[in-house]
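The block underneath contains the structure these notes are about, expressed in structure tokens.
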Amino acid sequence: MAPAAYTADELAQRFGLRLHGDGAVRVDGVGTLARAGASQLAFLANPKYRGQLAQSQAGIVVMREDDANGYERTAIIARDPYAAFARISALFEPRPARDAGVHASAVIDPSASVDASAHIGPFVSIGARSRVEAGAVIGAGTVIGEDCVVGAGSELIARVTLVARVRLGQRVVIHPGAVLGAAGFGLAMEAGRWLNVPQLGGVVVGDDCEIGANTCIDRGAIEDTVLEEDVRLDNLIQIGHNVVIGAHTAIAGCAAVAGSARIGRYCLIGGAAGVVGHLEICDKVVVTAMSLVTSSIREPGEYSSGTPLMDNRSWRKNAARFKQLDALARRIGGRGTSD
Amino acid sequence: MAPAAYTADELAQRFGLRLHGDGAVRVDGVGTLARAGASQLAFLANPKYRGQLAQSQAGIVVMREDDANGYERTAIIARDPYAAFARISALFEPRPARDAGVHASAVIDPSASVDASAHIGPFVSIGARSRVEAGAVIGAGTVIGEDCVVGAGSELIARVTLVARVRLGQRVVIHPGAVLGAAGFGLAMEAGRWLNVPQLGGVVVGDDCEIGANTCIDRGAIEDTVLEEDVRLDNLIQIGHNVVIGAHTAIAGCAAVAGSARIGRYCLIGGAAGVVGHLEICDKVVVTAMSLVTSSIREPGEYSSGTPLMDNRSWRKNAARFKQLDALARRIGGRGTSD
Amino acid sequence: MAPAAYTADELAQRFGLRLHGDGAVRVDGVGTLARAGASQLAFLANPKYRGQLAQSQAGIVVMREDDANGYERTAIIARDPYAAFARISALFEPRPARDAGVHASAVIDPSASVDASAHIGPFVSIGARSRVEAGAVIGAGTVIGEDCVVGAGSELIARVTLVARVRLGQRVVIHPGAVLGAAGFGLAMEAGRWLNVPQLGGVVVGDDCEIGANTCIDRGAIEDTVLEEDVRLDNLIQIGHNVVIGAHTAIAGCAAVAGSARIGRYCLIGGAAGVVGHLEICDKVVVTAMSLVTSSIREPGEYSSGTPLMDNRSWRKNAARFKQLDALARRIGGRGTSD
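Protein chains in written order, with our numbering: chain F, 1 to 339; chain D, 340 to 678; chain B, 679 to 1017.
Dropping the structure here:
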């Protein structure tokens, strides 16, 4: 099967963008500005790569109006070239067929319901009272427990687990290995032994959320753990019970959010960052990679913790001094911090 | 099916607690103090929420004797309201049916043994010489390799992997995606290439342990990796080969314990904390979130590393100074640290 | 079945090593120097354990020539005792049978190809146009999507996912729960909502790589994510899209490498370390545990960030001073850092 191919004219017209240069140029795939060939589409968004433009062999380049001044080959002009590239390149994305129907090997509880337009792959099990809505795709090896909902158009790529009481909105995408609705880490110490606190809540995931591979979202203790719409979680993230994450917030890989934390809307949480439990982060907060949030953040802005990377010998010297920091500060007359 | 409902009288009697107020009040679920309705049970443990009591609509509130003075509605009096709530709320926990028997799709090696009272779900495979004891539950998609034991009453929720030589005690709970008994990360460099060091040990998990979703516990190189009884591991934790974790220790999500570390009893390891290999942590040590333990800890107590969160502009200035810390300290006459 | 047993003579001869003492001593397993019995083989590599040698009951000890001076029991002499032990102990490793053939429950797309000598376990699904080469082992519950290749002699232990366009070289080992080829975390913000950037690349894994349990390697956005040969990744690691990792590099558990970072050859990245995206690390760099690499590293050597662990009371005082560090430095006349 030959890949789909499109002329610059066709692309400009389909996406409502302006054509610059020869509209007959045809592309059948994408490439980076540095390496794309004559039949590939590339983009220029970051000014730091502008120098690559003159040498680029790309058949079509998506770029801003300014960058096209004097450009003698074919361009498609966009205010936001990266977003335009994202939309155009979707034309070239291979989409595996996921026909409607239930694979013969799937095990579905009689009390569950599966829309006739949904796809249920091999080795899927679906528990009591769960519901899979129109057009949803449940990939191979997925386990859906009791009282779950997979909203219309959602896709569980493969080997996802929804343990219990997980309600997904529409067009939610969940990558392999993710576990939603496991019992939260609720423990009481009683007579020298741990006692489990039953986790009676569920997980609610809003429309258009995406959840990365091997990410975990625990179900709530009493109320639900909540992701509002369009939340984006990368891989290997831990979301504790009763966390609430506001709409359009994105969290990078390996971050951890402890129980009952509330994160606002339009936040960006960096990779391997941590958020301690029972605090609030307001809207539009950026937390840089591997920073730890230990108290509530009430002002939008960018926040960080940690120390810079150094060669190990220098680091050892400076790190040792960190232990003397309060004493050093006192010696030079610094104000005491806690006493 | 109507949910179970209990009167305050019934609950007080069943759990050996004292009733305060009208024993005929009936509840069929739980709620938070702030949001529970008249048919729900709530609890008051943390004094910071005492102010919510007057407005609470909860049918029954579990609380300490002191807090009940003057309280005009129905309460159940407990010395430890949180633990009492945990026990009572278990009455309202939906427990999916896991009937005894082996699902038709399961693949069980002829040399394996499964107790007749155990539940084996769909798409489970059990390898040679492994044993599943009385009342154990092996959830859908679980893979049990060779020479494993699942002790009586243990539950592997779904999609768990026991690779080889994993022996679980009784009443162990393992959440989805957890991997126990994978080969530890043992490498020798030989002539410029890595050589695997065979991992001949196993994993031993004591009674009443609980292991979170997507957590990994590697098998030992020569001897076993060991969790003593009642150890609680949250999600996405890495436990390296030959680690030993003492009884009643709890570790929060995303923590990492490197090979051959020994952690004592009744320790609390915070989220995303790290423990370097080949060291010892004594009993009753608390390590705060995202701290790194790089040498043995011989005294009980609370330990931390890291720096506080700041706005990024301030952080950049201070972090840059961290690189000069040894030089600054010398300038003000601080004692040298390593030379 | 009795375990295999070997005399010291046989072992020395098989591995081309020199025998010291009685060649008739026979062993059928391995142990640590401290605990091995008369029928077990141990090793002495780290001089710090030399003191254990005199009391060791091990039947055979692998050691350096020097350490054998005056040793009166049986030894096998090796320049690198740890590597020699690794090779010898492989004789005692139980290798589960993985016969050639496809389990009856497996679901294989008609356009996929599976070599007749490969083993396909229960509940495996293999998607369109994927290929499993000679002698490969695909363990239970593994999901292989479209356009993947599993090279000759590779082993996917169990419950692995190759999502799409993942090409594994020869003798690659992947532990349970690992996810390769999931869509990278590529997002553009458009009109206040996230827009997915299609992830059209794949993942290429070189010969002899090993990938730990629950580790994730995302597929590239335009070009591929690449692991060169003999790369070793521990458990729970996140490798972002378009990362390139040089040959013979090893990364410890819970590390995170963000998109488009390039890591050189023979690097050692410590546990829970982080590497920010779009930077380069040259060959032979060591990054210590939980350090964060935020800019390119151009010189081989060891690098660190973070602060030392302290008792929490001391840490609080010193950490509070970290916030005043720039002000303190100015007071004693330090050079400003950014203005």
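For every residue, glycine included, the Cβ atom is placed at its ideal position computed from N, Cα and C.
Assignment of Glu688(B) by DSSP, reduced to helix, strand and coil, places it in the helix class. Residue contact with chain B for Thr564(D): absent (no Cβ-Cβ distance below 8 Å to any residue of chain B). At least one CB of chain D lies nearer than 8 Å to the CB of Ser783(B).
DSSP lists Ile602(D), Ile636(D) as the beta-bridge partner residues of Ile620(D). Against chain F, the CB of Ile496(D) has a partner CB under 8 Å away; the residue lies at that interface. In chain order, Gly799, Leu834, Ile835, Ala836 place their CB closer than 6 Å to the CB of Gly817(B), counting only its own chain and leaving out the 5 sequence neighbours on each side. Here Asp665(D) is buried. Its C-beta has 16 or more other C-beta atoms within 10 Å. Chain B places a beta carbon closer than 8 Å to that of Val482(D), counting this residue as a contact.
Residues Ala8, Tyr71, Glu72, Arg73, Thr74, Ala75 of the same chain have their beta carbon placed closer than 8 Å to that of Gly21(F), with the five preceding and five following residues left out of the count. Shown here, Gln379(D) sits in a strand according to DSSP, grouped into three states.
Between Ala527(D) and Ala761(B) the beta-carbon gap is near 4 Å, inside 8 Å, which marks them as a contact. Checking the DSSP bridge columns, you'll see Thr893(B) has no partner listed. For Arg321(F), the uninterrupted alpha helix (DSSP H) segment begins and ends at 312-322. In the displayed model, Gln577(D) falls within a strand according to three-state DSSP.
Under DSSP, Tyr981(B) takes part in a beta bridge, and its partners are Asp311(F), Val965(B).
By the rule that beta-carbons nearer than 8 Å mark a contact, His853(B) touches chain D. DSSP places Leu1003(B) outside any beta strand (DSSP E); the residue lies instead in the alpha helix (DSSP H), whose first and last residues are 1003-1009. For Ala934(B), the residues of chain F that pass the 7 Å Cβ criterion are Gly253, Cys254, Gly271, Ala272, in the order they occur in the chain. Annotation: Arg871(B) to His248(F) spans about 6 Å, alpha carbon to alpha carbon. At least one CB atom of chain F sits nearer than 8 Å to the CB of Ala658(D). Assignment of Leu53(F) by DSSP, reduced to helix, strand and coil, places it in the coil class. Shown here, Ile88(F) sits in a helix according to DSSP, grouped into three states.
When DSSP states are grouped into helix, strand and coil, Glu229(F) belongs to the coil group. Out of Lys387(D), Ala375(D), Ile399(D), Ala658(D), the CA that lies nearest to the CA of Glu349(D) is found in Ile399(D).
Per DSSP, Glu529(D) is one residue of the beta strand (DSSP E) stretching across 526-529. In this chain, Glu750(B) is not harboured by any alpha helix (DSSP H), its DSSP state being neither H nor E. Beta-bridge partners assigned by DSSP to Asn196(F): Leu187(F).
In terms of Cα proximity to Ala384(D), the closest of Asp419(D), Ala491(D), Ser452(D), Ala377(D) is Asp419(D).
Note: Ala934(B) is bridge-paired with Gln916(B), Gly952(B) in the DSSP secondary-structure output. Setting aside the 5 residues that flank it on each side, Val163(F) is surrounded in the same chain by Gly145, Gly181, Ala182, each with a C-beta closer than 6 Å to its C-beta; the list follows chain order. Chain-ordered, the chain D residues with CB closer than 8 Å to the CB of Leu195(F) read Ala422, Ala425, Arg426. With a cut-off of 8 Å on Cβ pairs, the stretch 202-213 of chain F is in contact with the stretch 227-242 of chain F, counting three or more such pairs. Under the Cβ criterion of 8 Å, Lys284(F) is not counted among the residues facing chain B. No Cβ of chain B is located within less than 8 Å of the beta carbon of Glu65(F). Here Ala600(D) has Val582, Val614, Gly616, Leu618 as same chain residues with Cβ atoms under 6 Å from its own Cβ, once five neighbours each way along the sequence are excluded. In the DSSP assignment, Ala842(B) falls within the unbroken beta strand (DSSP E) covering 839-842.
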